[in-house]
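Chains as they are written, first to last, in our numbering: chain V, 43 to 366; chain E, 151 to 585.
Data block below; observations after.
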Amino acid sequence: MSATTTTRKSGASAKAPRGENRKGRRAGWWLPYALLAPAVIFELVIHVIPMVTGIWMSFLKLTKMFISNWGNAPVTGLKNYQIALDFNSAVGSGLLKSFLITAAFTILVVGISWGLGMAAAVALQKSFFGRGFFRTLFLIPYALPMYAGVIAWKFMLQKDNGAINHFFFDNLGLPGDRPFWLIGNNAFWAVVIVAIWRMWPFAFLMLMAGLQSIPNDVYEASAVDGAKPLRQWSAITLPMLRPVNMVLLLVMFLWTFNDFNTPFVLFGGSNPPAGDLISFHIYNASFLTWNFGSGAAMSVLLLLFLLVVSGIYLLIMNRRKDRA
Amino acid sequence: MKIRTFAAAAAIAALAITATGCSGGTSNSGATNGGGKTLTYWASNQGTSLDNDKQVLTPELQKFQDQTGIKVNLEVIGWNDLQTRIQTAVTSGQSPDVLNIGNTWAASLQSTGAFMPFDSAAFDAIGGKAKFVKTAMDTGGVPGQDPTSVPLYGLAYGLYYNKAMFKDAGLTPPTTWEEMVADAKKLTAGSVHGMTLAAGSYTENSHFAFINAAQNGAEFFGPDGKPTFTSDGIVNGIARYLDLMQADKVVNPSNAQYDNGTQAINDFANGKAAMVLSQNNANSSIASQGMKDDAYGVVAFPAPAGGQQIATMVAGINMSIFKNTKNKDAALQFVKFMTSEATQASLDKSFAALPVLQGVTPSFTTNAEQAKTFEDIYSNKSKPLPLVAAEDQFESTVGKAMNQMFAKVASGGTVSKADIKAALTTAQQAVEAAG
């Protein structure tokens, strides 16, 4: 955030001295640096230092004995990584399981969110009465504060007095027992649904913006050639949205895979095994046992995984673009 | 143009200053404030709600301020968050001056080295070690070291039963586990269940893992302080407790989502369950739901026939002072005030706590029989939780594993003894990996 604002500001500042060329540049030489400084400082403070600290922590035996004075924590080398990657041990197998659940969660959430976002964006592409209303309506989940939205879902998903069970079993009169949503196996579907609800307006927003840039003439020309809407979508909309989609899918993948807030607010202190997403799992693993070194090692592993996936994704996509 | 550039630079600089100011920490403990000192106090949730705690404590804190001129900033923290909040405070050094801890965490928190040990000078400052009941004082920390906490409220578990329901069914209060289950089965009909448990609360679950295991004579930690979670006594104890929902079906499966004790107590007070296991501070919650004091009775949580007569762990709340407090003297004065007879008498009544001071008459209930029952449980049928550094890890790993077991039972699955043993093995490995 701060990076983009400052870049823009420094662009403006670069023009400023040029306007007053006669007085010489020396008077304002420091300004670009001064304007860049906040961005650099924030980048260091917010990104680089915590990341380096995290990596450093992952090589320490940082348990509660040392937590009030980090400097005393003994170095354990790769032991934290060994424990996390030993899939026969309880800690390692828990991490692996959580990883697989998160992978399934991510595929479902990103896929369905993208589908819904695309459908809504295309549906609202043509101007009609009430379009503004629907656009606003669809963006509400994204505009709501995260905590408020998810806590509302938490209430709705209660077994005995939640709105969901009330609707299905009291209003629609479904037979059978009311299921639990937040504990047991249904917890997976609960967290998937809530995450999609959170995520799809973002896909909608990005795709809607992308659609604005496709000129209408192309659609008209194809209509003259007899293309039906589905053909128009697959032959015009999709290819022309390619750059948007490329970034959108990557960003949604990263956010979803890292999602901590949704399970944390939805499940509270203890997460059911079926909803054991990896960020939350790492948080629990370090806070349950005060073993922050082990938690840091798991985080570094997660970081490496996401880096590798993102790298491969970008590599493949760029190569395809070059070929095309 | 120039003005705009400078305005932008100024704005960014201002932003940078504010942002770094924020990360500098706003919870500065012990700011000197017009001559009077200020303490930050984290209180645990003892009353019917966080607000209720605040209402009870505020007049006392005002009294303290009137006496000493020291202002106390109060924050009441729920049980689900307290441990994490303390961890964060220890890690970051952004801590309150004085705080409440579950007394079972005393040894664990002591091992972090973040808390002030009460040496003899500190004890003198708060009125002497001898003023506390020994059972309570023993929970202050690892034996043989200066404790890092002193007792504040004493608590013990009891089995609360609805007198009218027992009378209508022609039952007398149970004295053994088997009788308790048989009574509960008789009292389970329609929407009423024989018992209610806070089966989604990891602290409650870990306590009953300990108590049920203790009834079987099993220990969670060996003499060397190493975890021994997987012994038969522990597996059987946990299985017995789980079976209240699984095999005996005297507990409503919905209880698996009860993540604090108050929800179970409310069910009891509203007649949805005939019995509830709770610490003696339930009284205020029961009263707030409109159940009369004489409508319920309390007996010791019964052991199975032939088992050891352990009905509770030595429960309670202790007070600790953070080592890095800038107001050590003020903090000690505050601890002295909170553990004085006058304050204790008033707070014990509001929070229904057992006295932690020698020779004080219990004020938590006007019901003499109940007071006697709890005094008996606390002094004769109690066992302290292991006073080892890994105690809190036992509570969180075993307690959360039991949350999952109850969740599995509630959503239609079965939990066998092998499953319990597997879960305990996982918990033990997690504790060992951290140790």
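All residues carry an ideal CB built from backbone N, CA and C; glycine is no exception.
Candidates the options: closest to residue i by CA position
| i | options | result |
| --- | --- | --- |
| residue 421(E) | 341(E), 544(E), 335(E), 331(E) | 341(E) |
| residue 403(E) | 560(E), 553(E), 542(E), 476(E) | 560(E) |
| residue 117(V) | 141(V), 97(V), 131(V) | 97(V) |
| residue 365(E) | 323(E), 581(E), 531(E), 189(E) | 531(E) |
| residue 394(E) | 229(E), 355(E), 520(E) | 355(E) |
| residue 300(E) | 544(E), 583(E), 224(E), 275(E) | 275(E) |
| residue 577(E) | 87(V), 133(V), 333(V), 108(V) | 133(V) |
| residue 236(V) | 90(V), 361(V), 147(V), 124(V) | 147(V) |
| residue 396(E) | 555(E), 200(E), 235(E) | 555(E) |
| residue 386(V) | 155(V), 347(V), 182(V), 328(V) | Residue numbering for chain V in the displayed model covers 43 to 366; residue 386(V) lies beyond these limits and cannot be assessed. |
| residue 522(E) | 486(E), 212(E), 398(E), 504(E) | 504(E) |
| residue 225(V) | 322(E), 484(E), 437(E), 409(E) | 409(E) |
| residue 317(E) | 236(E), 223(E), 424(E) | 424(E) |
| residue 306(E) | 314(E), 319(E), 392(E), 433(E) | 433(E) |
| residue 352(E) | 564(E), 547(E), 584(E) | 547(E) |
| residue 192(V) | 305(V), 277(V), 360(V), 353(V) | 305(V) |
| residue 337(E) | 347(E), 278(E), 319(E) | 319(E) |
| residue 428(E) | 368(E), 363(E), 357(E), 484(E) | 357(E) |
| residue 544(E) | 217(V), 332(V), 135(V) | 332(V) |
Beta-carbon spacing of residue i, residue j below 8 Å
| i | j | result |
| --- | --- | --- |
| residue 463(E) | residue 533(E) | yes |
| residue 400(E) | residue 344(E) | yes |
| residue 528(E) | residue 304(E) | yes |
| residue 466(E) | residue 289(E) | yes |
| residue 571(E) | residue 385(E) | yes |
| residue 198(V) | residue 205(V) | yes |
| residue 188(V) | residue 300(V) | no |
| residue 515(E) | residue 502(E) | yes |
| residue 507(E) | residue 273(E) | no |
| residue 582(E) | residue 377(E) | yes |
| residue 328(E) | residue 512(E) | no |
| residue 218(E) | residue 260(E) | no |
| residue 140(E) | residue 536(E) | Examination of residue 140(E) is not possible in this model, given that chain E is present from 151 through 585 alone. |
| residue 359(E) | residue 387(E) | yes |
| residue 331(E) | residue 398(E) | yes |
| residue 584(E) | residue 258(E) | no |
Opening and closing residue of the alpha helix (DSSP H) in which residue i lies
| i | result |
| --- | --- |
| residue 429(E) | It is not in any alpha helix (DSSP H) - residue 429(E) instead sits in the beta strand (DSSP E) that spans 423-429. |
| residue 143(V) | 132-165 |
| residue 313(V) | Where residue 313(V) is concerned, there is no enclosing alpha helix (DSSP H), given that its DSSP letter is neither H nor E. |
| residue 188(V) | 188-198 |
| residue 239(V) | 228-254 |
| residue 496(E) | 491-501 |
| residue 81(V) | 72-84 |
| residue 264(V) | 258-266 |
| residue 420(E) | Neither: residue 420(E) is in no alpha helix (DSSP H) and is coded neither H nor E. |
Start-to-end residues for the beta strand (DSSP E) that takes in residue i
| i | result |
| --- | --- |
| residue 471(E) | 465-471 |
| residue 449(E) | 446-449 |
| residue 250(E) | 248-252 |
| residue 225(E) | 221-227 |
| residue 345(E) | 343-346 |
| residue 20(V) | Residue 20(V) lies beyond the stretch modelled for chain V, which goes from 43 to 366, so this question has no answer here. |
Minimum Cβ-Cβ distance from residue i to chain A less than 8 Å
| i | result |
| --- | --- |
| residue 195(V) | The displayed structure is made up of protein chains V and E, and chain A is not among them. |
Residues, ordered as in the chain, of the region 116-134 of chain V that lie near chain E by beta-carbon distance below 7 Å:
Those would be 125, 131, 132, 133, in chain order.
Chain E contacts made by the region 236-249 of chain V, where a contact means CB separation under 9 Å
Residues are counted here when their Cβ sits less than 9 Å from a Cβ of chain E; for the region 236-249 of chain V the count is zero.
May I ask you to verify whether the region 275-294 of chain V touches the region 244-256 of chain V, counting CB pairs closer than 8 Å and requiring at least 3?
Contact holds between the region 275-294 of chain V and the region 244-256 of chain V, because three or more Cβ pairs, one in each stretch, are under 8 Å apart.
Contact between the region 333-345 of chain V and the region 100-111 of chain V: three or more CB pairs below 8 Å?
Judged by Cβ distances under 8 Å, the region 333-345 of chain V makes contact with the region 100-111 of chain V, as three or more pairs qualify.
Proximal residues, the region 91-111 of chain V versus chain E, C-beta separation under 8 Å:
Within the region 91-111 of chain V, the residues whose Cβ lies closer than 8 Å to any Cβ of chain E are, in chain order, 105, 106, 107, 109, 110, 111.
I want to know whether the region 225-232 of chain V touches the region 314-329 of chain V - three or more CB-CB distances under 8 Å.
The region 225-232 of chain V vs the region 314-329 of chain V: in contact.
Taking any Cβ of chain V, which residues in the region 256-277 of chain E have a Cβ under 8 Å from it, in chain order?
Correct list: 258, 261, 262, 263, 264.
For the structure I just gave you, are there three or more beta carbon pairs, one from the region 156-164 of chain V and one from the region 237-245 of chain V, closer than 8 Å?
In short, these stretches touch, since the Cβ pair count reaches three.
Counting only Cβ-Cβ distances shorter than 7 Å, please list the residues of the region 334-366 of chain V near chain E, keeping chain order.
Under the 7 Å Cβ criterion, the region 334-366 of chain V contributes 336.
Within 8 Å of chain E by C-beta, residues of the region 205-237 of chain V in sequence order
If the cut-off is 8 Å between Cβ atoms, the region 205-237 of chain V has 221, 222, 224, 225, 226, 227, 228 near chain E.
Within 8 Å, do at least three Cβ pairs link the region 473-484 of chain E to the region 259-270 of chain E?
With the cut-off at 8 Å, the region 259-270 of chain E and the region 473-484 of chain E touch.
Is it the case that the region 561-568 of chain E contacts the region 411-420 of chain E, given that we only count it when at least three CB pairs across the two stretches are under 8 Å?
Short answer: they don't touch.
Check whether the region 217-234 of chain E and the region 190-203 of chain E are in contact - that is, three or more C-beta pairs closer than 8 Å.
With a cut-off of 8 Å, the region 190-203 of chain E and the region 217-234 of chain E count as touching, because enough Cβ pairs lie within range.
Is there contact between the region 139-152 of chain V and the region 320-331 of chain V, where contact requires at least three CB pairs shorter than 8 Å?
The region 139-152 of chain V makes contact with the region 320-331 of chain V: 3 or more CB pairs, one atom from each, lie closer than 8 Å.
Interfacial residues, the region 384-409 of chain E to chain V, with Cβ spacing under 7 Å:
The region 384-409 of chain E vs chain V, Cβ under 7 Å: 404, 406, 407, 409.
If you pair each beta-carbon of the region 196-216 of chain E with each one of the region 479-497 of chain E, do three or more pairs fall below 8 Å?
These segments touch.
Listed in chain order, which residues of the region 228-257 of chain E have Cβ atoms closer than 7 Å to some Cβ of chain V?
Flagged, chain order: 230, 234, 237, 240, 241.
What residues from the region 539-568 of chain E come within 9 Å of chain V, judged by C-beta to C-beta, listed N to C?
Result list: 539, 540, 542, 543, 546, 547, 549, 550, 553, 554, 556, 557, 558, 560, 561, 562, 563.
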